[in-house]
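K.L.:
Residue numbers (this note's numbering): 5 to 280.
For every residue, glycine included, the Cβ atom is placed at its ideal position computed from N, Cα and C.
The structure under discussion is supplied below as structure tokens; questions concerning it will follow.
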């Protein structure tokens with residue numbers, strides 16, 4: 005891709021002006037989160053970009069590699085190849101465009117969730133609230149509307165990777181309440197002895213509620229802790245994920261016994277039958 009084309013796509017996707025490209029290429033004014041806190045993220049992460057526009061995928065790839073030069077960034081330009089690479093390459097995170105000719109991003113996401121809980125961020129020009137909710141309901145971990153800033157993209161990627169890698173630490177006593185068991189040490193949830201499949205975002209949300217069981221956690225706190233500051237104006241994130249958790253954990257999601265709502269305020273998890 006020529007420098008002119010790359011500049012054009014950078015401006016279209018990230019809202020950058022062409023003259024800023026030189027600054028971005030030669031000066032990285034903000035050290036990466038991994039550089040500031042080297043123990044928080046792996047030295048190398050593998051990111052997969054699925055976007056049918058080759059130049060857009062390349063621009064996103066360059067953006068990530070400028071900030072995280074040690075990371076491996078793979079790109080594919082259709083959903084079918086993306087699914088194959090997720091299976092064979094086991095990326096740490098997927099950036100998925102919605103508008104593709106062979107399969108829509110929604111169809112790709114549905115297929116991903118049949119065999120993988122890899123974190124997925126949807127990148128799209130579609131700023132429709134229903135699309136956003138649908139993506140989250142299908143299991144997306146985040147949803148970013150183009151154009152977006154370089155720093156916002158990197159911050160959201162870091163936030164999700166920290167969440168996925170943040171389960172290592174001192175052993176924690178499991179949450180046990182009736183048929184529900186949350187094993188914090190092995191990132192597993194059981195109901196009546198059977199493993200319940202959760203995405204990393206679902207587990208992280210449930211873990212926050214479980215570690216504070218019996219306490220009302222405000223909506224803003226949950227949004228900030230799970231998705232970061234960019235989600236504070238998007239309460240639908242929380243509504244969709246609580247609906248997903250209830251559908252997996254509750255016998256009757258419309259009459260929950262574990263996950264409770266204080267309308268307009270927040271959520272709380274039923275205290276365990278044993279103290280944490």
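1) How is residue 223 classed by DSSP in three states: helix, strand or coil?
2) So residue 76 and residue 48 are in contact, right, with Cβ under 8 Å, and what is the actual spacing, rounded?
3) Between the beta-carbon of residue 2 and the beta-carbon of residue 179, is there less than 8 Å?
4) Please confirm if the stretch 122 to 140 is in contact with the stretch 102 to 114, defined as three or more CB-CB distances below 8 Å between the two stretches.
5) Between the stretch 196 to 204 and the stretch 215 to 231, do at least 3 Cβ pairs fall closer than 8 Å?
6) Leaving out five residues on either side along the sequence, give the residues of the same chain with a beta carbon under 6 Å from the beta carbon of residue 55.
7) Might you give, ordered along the chain, the residues of its own chain that have their beta carbon closer than 7 Å to the beta carbon of residue 228, omitting 5 neighbours on each side?
8) What does the Cβ neighbour count give for residue 270, buried or exposed, with the cut at 16 atoms within 10 Å?
9) Can you look up residue 231 in the DSSP assignment and give me helix, strand or coil?
10) DSSP three-state call for residue 261: helix, strand or coil?
11) Whose C-alpha, out of 84, 261, 253, 68, is nearest the C-alpha of residue 218?
P.N.:
This is what the structure holds:
1) helix
2) 7 Å
3) No answer is possible for residue 2: it lies beyond the span of the chain, which begins at 5 and ends at 280.
4) yes
5) no
6) 61, 101
7) 236
8) buried
9) helix
10) coil
11) 261
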